[in-house]
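Position one of the sequence shown corresponds to residue 5 (this note's numbering), numbered consecutively onward. From the three backbone atoms N, C-alpha and C, an ideal C-beta is built for every residue, glycine too. On a predicted model such as this, the values are computed, not experimentally measured, just so you know. Following: one structure in C-alpha cells, then a few remarks.
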Amino acid sequence: MTSGAARETTRTNLWRAIAVILGFGALLYVASSYSVAADSQNRMPSGNIVGIDYSTFHAGATMLRYGDADKLYDLDAMTALLREVRRGPAARVPSFLNPPSFAMVLTPLAPLRYEVGLALWTVFGVSAFAVGLRAIGTSRPAFVLGAVLVSVPGFLGVTLGQGQFFWAALYAGVLSRLRA
5 MTSGAARETT RTNLWRAIAV ILGFGALLYV ASSYSVAADS QNRMPSGNIV GIDYSTFHAG
65 ATMLRYGDAD KLYDLDAMTA LLREVRRGPA ARVPSFLNPP SFAMVLTPLA PLRYEVGLAL
125 WTVFGVSAFA VGLRAIGTSR PAFVLGAVLV SVPGFLGVTL GQGQFFWAAL YAGVLSRLRA
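Structure below.
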C-alpha cells in the first residue's frame, strides 16, 4: 500500500469513527428525550432527569444570593434547598458540595427557576464556545459546534448543566492569545 493510500484509509476510518461517535451522541439525545416524555413529572429517584448538576449549582448560588453563605457546606441545609429547587427528591449525600466559584458565577441566575437558569446557562455556554471556536480560527465553526453538541460531552453539558462549554471557550481564548 502506498503512503497516499494508507493516508486515505486512515482518513476514511477517522470519518467513520466520527460518524459513530456523533451517532451515539444523537442516540443519547433521543433516549433522553424519550425518558423525559415517558416520565410525566420529569423525575428520577435522585431528582430531576434534566439539569441535575445545574440544580446543585443553582442551589449554591441561591444560598449566596440570599445571605446564607455560611450554609453552603451544611449538608442538611443544602439537601433541604435542593428538594425545594428540584421540587422533588434529593439524597443527603456530600456529592453536591461544589466549589463556591460555581455558586458565585451563577448568583445572578438564582432568582430564576432552575429550569430557566439551566436554559440560560446552556445558551450562554454554547455561545461562549462558538466565540471561542472563532477565536482560534476554526475553518467551519458551525459544523464543529454542531458536532460537539451532538457528542457525548456536549450531551452531558446540555442535559446535566455542566460547565464544559465555558471551560472550552476559556481554553480557546488562551490558545488564540498564545498563537497571537
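Item to check | Inter-residue spacing [alpha-carbon to alpha-carbon] between LEU182 and ILE140 | outcome: Near 10 Å, if we compare the C-alpha coordinates of ILE140 and LEU182.
Next on the checklist: Once DSSP output is grouped into helix, strand and coil, what is the label at ALA94?
Outcome noted: The DSSP-derived three-state label of ALA94 is coil.
Checklist entry - Are ALA173 and ALA114 close, meaning C-beta to C-beta below 8 Å? => result Contact flag unset, no.
Next on the checklist: Could you check whether ASP57 and GLN168 sit closer than 8 Å to each other, using their CB atoms as the reference points?
Outcome noted: With contacts defined as CB atoms closer than 8 Å, GLN168 and ASP57 fail to qualify as a contacting pair.
Item to check | Three or more C-beta pairs below 8 Å linking the region 112–127 and the region 65–82 | outcome: Short answer: they touch.
Checklist entry - Grouping DSSP H, G and I as helix and E and B as strand, with all else coil, what is SER143? => result SER143 falls in the coil class under three-state DSSP.
Checklist entry - Which whole-angstrom value is the C-beta distance of LEU86 and SER59, which I expect to be below 8 Å? => result Confirmed, Cβ separation roughly 7 Å.
Checklist entry - With distances taken between CB atoms, is the gap from PHE151 to LEU18 smaller than 8 Å? => result Reading off the sequence shown, one finds Ala at residue 151, where the question assumed Phe. No, Cβ-Cβ distance for ALA151 and LEU18 is not below 8 Å.
Next on the checklist: At the level of alpha carbons, what is the spacing between ASP74 and PRO145?
Outcome noted: Roughly 43 Å between the two C-alpha positions.
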